[in-house]
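Only one structure is covered here, and it is reproduced in the block below.
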Amino acid sequence: MAEVLVLAELNPAGGGVRKTTLEALTAARALGEPSAVVIAAPGTAAGVKDALAEYGAATVYVAEAPEVDEFLVAPKAEVLAQLVQEKSPAAVVIPSSPEGKEIAARLAIKIGSGFLTDVTEIAADGTATQVAFAGSVIVHSKVTAGTPIYTLRGNSVTPEPAAGAGAEQAVSVSVSDAAKGAKVTDRVVEQKSSRPELTEASIVVSGGRGVASAENFSIIEGLADSLGAAVGASRAAVDSGFYPHSFQVGQTGKTVSPNLYVAVGISGAIQHRAGMQTSKTIVAINKDPEAPIFELADFGVIGDLNTVVPQATEQINARK
Numbered sequence: 001m002a003e004v005l006v007l008a009e010l011n012p013a014g015g016g017v018r019k020t021t022l023e024a025l026t027a028a029r030a031l032g033e034p035s036a037v038v039i040a041a042p043g044t045a046a047g048v049k050d051a052l053a054e055y056g057a058a059t060v061y062v063a064e065a066p067e068v069d070e071f072l073v074a075p076k077a078e079v080l081a082q083l084v085q086e087k088s089p090a091a092v093v094i095p096s097s098p099e100g101k102e103i104a105a106r107l108a109i110k111i112g113s114g115f116l117t118d119v120t121e122i123a124a125d126g127t128a129t130q131v132a133f134a135g136s137v138i139v140h141s142k143v144t145a146g147t148p149i150y151t152l153r154g155n156s157v158t159p160e161p162a163a164g165a166g167a168e169q170a171v172s173v174s175v176s177d178a179a180k181g182a183k184v185t186d187r188v189v190e191q192k193s194s195r196p197e198l199t200e201a202s203i204v205v206s207g208g209r210g211v212a213s214a215e216n217f218s219i220i221e222g223l224a225d226s227l228g229a230a231v232g233a234s235r236a237a238v239d240s241g242f243y244p245h246s247f248q249v250g251q252t253g254k255t256v257s258p259n260l261y262v263a264v265g266i267s268g269a270i271q272h273r274a275g276m277q278t279s280k281t282i283v284a285i286n287k288d289p290e291a292p293i294f295e296l297a298d299f300g301v302i303g304d305l306n307t308v309v310p311q312a313t314e315q316i317n318a319r320k
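Position one of the sequence shown corresponds to residue 1 (full-length UniProt numbering), numbered consecutively onward.
Below you can see the structure in the form of structure tokens.
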């Protein structure tokens, strides 16, 4: 069976493997036998090898060196390119994070291959599914030059365990001076709340302009906490100062694809839809029956969010 390289994306500060990596390992099985690639600081792979094997990694390539942690993404792209040239895999699958997209682009140039970004599905023949033009078009694409490279959109694939051998294989790291042009001088780990990370959450509750104030966003947070969900916001809400920009969902914010997306007080402008319309189930709460979000929603509630949301939160908490 053909080998497929999957770049492992890890949580900061030794937090293990990110869910996006497990999704990528699952998606890669459509193309062949996945092998995980860990490019990180020394001593990192030991804590993640078992998780990678649990989700199908037949081999875990370990490229550990200070250089790949002390500089930006260029060293990682070089190491991955060296491995691709050595192993000649059928394809490379990378989580579609900001770093993952940059690595994929650099890799494509280095090895002379085509790459497809933000794919939501990969077929056995290599055809990828993408959402284009702010979600108005579904595209099926295929790489025709070199080793296909894909970046997989988060939450597009449900991670499924499939025991792999997880055989560790060391990879020598050789980084050029050109890849050391941008050095990391400091890292600050963002203080995390108890809520799931927005792009990885299986449930997201987002508020829009209709929430009306920053103080009123506590209603959105209350519903999210009752569901164990992440909190998001529309561009209108962010621009109005209701919620921090880092939680914006949309074409100019983050792209999410949870199992359940609850849009509260969001009109459904195309800018917002582009960032969430691949969600499995969409519930809209809005007092305007003509709001465009209802065209996209699987379930809709027409009513005042200040009445509907607290009642929903109360009912959900009562069932726990």
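Glycine is no exception: its CB is placed at the ideal position from the N, C-alpha and C atoms. In this text, all values refer to a predicted model and were calculated from it rather than measured experimentally.
Using only the alpha-carbon positions, how far apart do residue i and residue j sit?
i, j, result
"I109", "A224", "42 Å"
"I94", "D125", "18 Å"
"P276", "R153", "Note on residue identity: the sequence assigns Met, not Pro, to residue 276. Those two C-alpha atoms are separated by around 12 Å."
"E295", "G268", "9 Å"
"G250", "G228", "22 Å"
"G265", "G222", "15 Å"
"V48", "Y61", "12 Å"
"V37", "A53", "12 Å"
"P310", "I270", "28 Å"
"A41", "E70", "8 Å"
"A2", "A105", "23 Å"
"V204", "E215", "19 Å"
"T151", "V6", "10 Å"
"P34", "A291", "44 Å"
"F242", "K254", "17 Å"
"A65", "A45", "11 Å"
"A123", "K87", "22 Å"
"F247", "F217", "12 Å"
"A90", "R29", "11 Å"
"D118", "T278", "12 Å"
"D288", "A179", "53 Å"
"residue 322", "V189", "Coverage of the chain is limited to positions 1 through 320, which leaves residue 322 absent and any answer about it impossible."
"N306", "H272", "22 Å"
Count the other CB atoms within 10 Å of the CB of residue i; is the residue buried (16 or more) or exposed (fewer)?
i, result
"V17", "buried"
"Q85", "exposed"
"R319", "exposed"
"V211", "buried"
"H245", "exposed"
"I219", "buried"
"P12", "exposed"
"H140", "exposed"
"I138", "exposed"
"N317", "exposed"
"Q315", "exposed"
"G100", "buried"
"G207", "buried"
"A274", "buried"
"A81", "buried"
Do residue j and residue i have their beta-carbon atoms positioned less than 8 Å apart in this structure?
i, j, result
"L107", "Q130", "no"
"G166", "D50", "yes"
"P148", "S113", "yes"
"residue 341", "E197", "Nothing in the structure corresponds to residue 341, since the chain is present only between 1 and 320."
"L31", "V184", "no"
"I111", "G146", "yes"
"R209", "S193", "no"
"V231", "R195", "yes"
"V308", "I285", "yes"
"S226", "T127", "no"
By Cβ distance below 8 Å, which residues in the same chain neighbour residue i in space, the five residues on each side in sequence not counted?
i, result
"V283", "L260, Y261, V262, A263, A297, D298, F299, G300 and V301"
"S176", "E78"
"Q169", "T59, V60, Y61 and V62"
"V68", "I39, A40, A41, P75, K76, V79, V173 and V175"
"A132", "I138 and V139"
Just to confirm my understanding: we take residue i, look at its own chain, exclude 5 residues before and 5 after, and list those with CB closer than 7 Å. What are they?
i, result
"Y55", "L22, L25, T26, P159, P161 and A162"
"S97", "E9 and T20"
"L83", "L5, V37, Y61 and V171"
"V157", "E23, T26 and A27"
Suppose the cutoff is 6 Å on Cβ atoms and the five residues either side in sequence are ignored; what does the same chain contact list for residue i look like?
i, result
"A63", "I39, V79, V171 and V173"
"E121", "T129"
"K280", "N259"
"G164", "A53, G56, A57 and A58"
"V143", "G114"
Who are residue i's beta bridge partners in DSSP?
i, result
"V249", "K254"
"N155", "Partner(s): none; N155 has no beta bridge."
"I94", "T151"
"A45", "Note: A45 sits in no beta bridge, so no partner."
Relative to the ligand GTP, is the shortest distance from any of its heavy atoms to the C-beta of residue i smaller than 7 Å?
i, result
"E121", "As presented, the structure is devoid of all ligands, the ligand GTP included, so that no description of it is given."
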